[in-house]
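Here the structure comes first, spelled out in structure tokens, and everything after it is commentary.
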Amino acid sequence: MRGALTAFLATLVAGVMAIAYAQDIKSDRSIKYRQGALTTMSWQFGMLGAMAKGERPYNKDEAIKRASYVAELSKLPWEGFGPGTDQGAPTKAKPEVWKEPAKFKDLQDKLMAETAKLEMVAKTGDEAAFKAQVGATGKACGNCHDDFRAK
Ligand code: HEC
Numbered sequence: 018m019r020g021a022l023t024a025f026l027a028t029l030v031a032g033v034m035a036i037a038y039a040q041d042i043k044s045d046r047s048i049k050y051r052q053g054a055l056t057t058m059s060w061q062f063g064m065l066g067a068m069a070k071g072e073r074p075y076n077k078d079e080a081i082k083r084a085s086y087v088a089e090l091s092k093l094p095w096e097g098f099g100p101g102t103d104q105g106a107p108t109k110a111k112p113e114v115w116k117e118p119a120k121f122k123d124l125q126d127k128l129m130a131e132t133a134k135l136e137m138v139a140k141t142g143d144e145a146a147f148k149a150q151v152g153a154t155g156k157a158c159g160n161c162h163d164d165f166r167a168k
């Protein structure tokens, strides 16, 4: 009997902890996670932007390395926009993220398609094509920010 009660209490405690953990993930940790992922992606993409603009010398190997990072990093932020993460820490995500999930998802897919192409183009070593693809990728960032990120 006592064993059963202990087992029951242990289950209950585990359940409560799981709920607390889920709520924890939902708000401030998710927001910090997605902002960190976006900031990291932006750092790497910014280096490629500088290269495309001639502010940094074009270097094929560096372009390949950073473009492959950006292609991977562009997959990461989105799991940080789960249900209920519209508040809990300072955020610039607009309510539209949760009101228009299909459109938001479509813009993520477009970014990932552009960053995959960016990596491919970087590998060809074609500088002009690389510059054009940096521009196309930057547009995919802006298209989403226009509607889903507050100024
Ligand atoms: C599918 C939509 C979407 C795409 C595509 C997108 N972003 Fe964002 N971005 C957001 C949203 C929403 C926020 C606001 C996040 C928040 O504050 O919680 C944001 C925030 C940011 C931030 C600020 C992070 C912080 O610390 O507050 C940076 C930097 C950023 N994005 C860079 C980029 C770059 C660079 C690209 C393209 C390579 C890009 N984003 C593509 C939606 C997008």
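Letter by letter, the sequence shown follows residues 18 to 168 in the working numbering.
Using N, Cα and C, we set each Cβ at its ideal position, and we do this for glycine too.
Cβ neighbours of residue i in the same chain (closer than 7 Å, five flanking residues each side left out)
i, result
"N47", "The amino acid at residue 47 is misidentified as Asn; the sequence shows Ser. Around S47: G97, G99 and T102."
"Q150", "K134, L135 and V138"
"L90", "A54, T57, M58 and Q61"
"K95", "Looking at the sequence itself, residue 95 is Trp, so the reference to Lys does not match. Same-chain partners within the cutoff: Q125."
"G142", "K77"
"I81", "A139 and K140"
Neighbour flag for residue i against chain B, beta carbons, 9 Å
i, result
"L90", "Reference to chain B is not applicable here, since this structure consists of a single protein chain."
Alpha carbon of residue i to alpha carbon of residue j, nearest angstrom
i, j, result
"K116", "A54", "22 Å"
"E144", "S44", "42 Å"
"R83", "K140", "11 Å"
"Q61", "Y86", "7 Å"
"Y50", "T154", "22 Å"
"G159", "E131", "13 Å"
"K120", "F147", "27 Å"
"A157", "D163", "10 Å"
"T108", "K127", "23 Å"
"G152", "Y75", "15 Å"
"P118", "Q52", "18 Å"
Extent of the continuous alpha helix (DSSP H) to which residue i belongs
i, result
"N160", "E144 to F165"
"P118", "P118 to T141"
"L65", "S47 to A69"
"L90", "K77 to L90"
Supposed contact pair residue j and residue i - C-beta distance, whole angstroms, cut 8 Å
i, j, result
"M129", "K70", "Contact doesn't hold; Cβ gap of about 23 Å is too wide."
Beta-carbon proximity list for residue i, same chain, < 8 Å, skipping 5 on both sides
i, result
"G105", "K43, S44, D45, S47 and I48"
"R73", "M64 and A67"
"V114", "F98, D103, F121 and F165"
Cβ neighbours of residue i in the same chain (closer than 6 Å, five flanking residues each side left out)
i, result
"K111", "F165 and A167"
"C161", "L124"
"A88", "T132, A133 and E136"
message: Strictly closer than 5 Å from CB to any heavy atom of ligand 1: give me those residues in the order they appear in the chain.
response: Every residue passing the under-5 Å Cβ criterion appears here: Q52, L55, T56, S59, F62, T108, K109, A110, L124, Q125, L128, C158, C161, F165 and R166.
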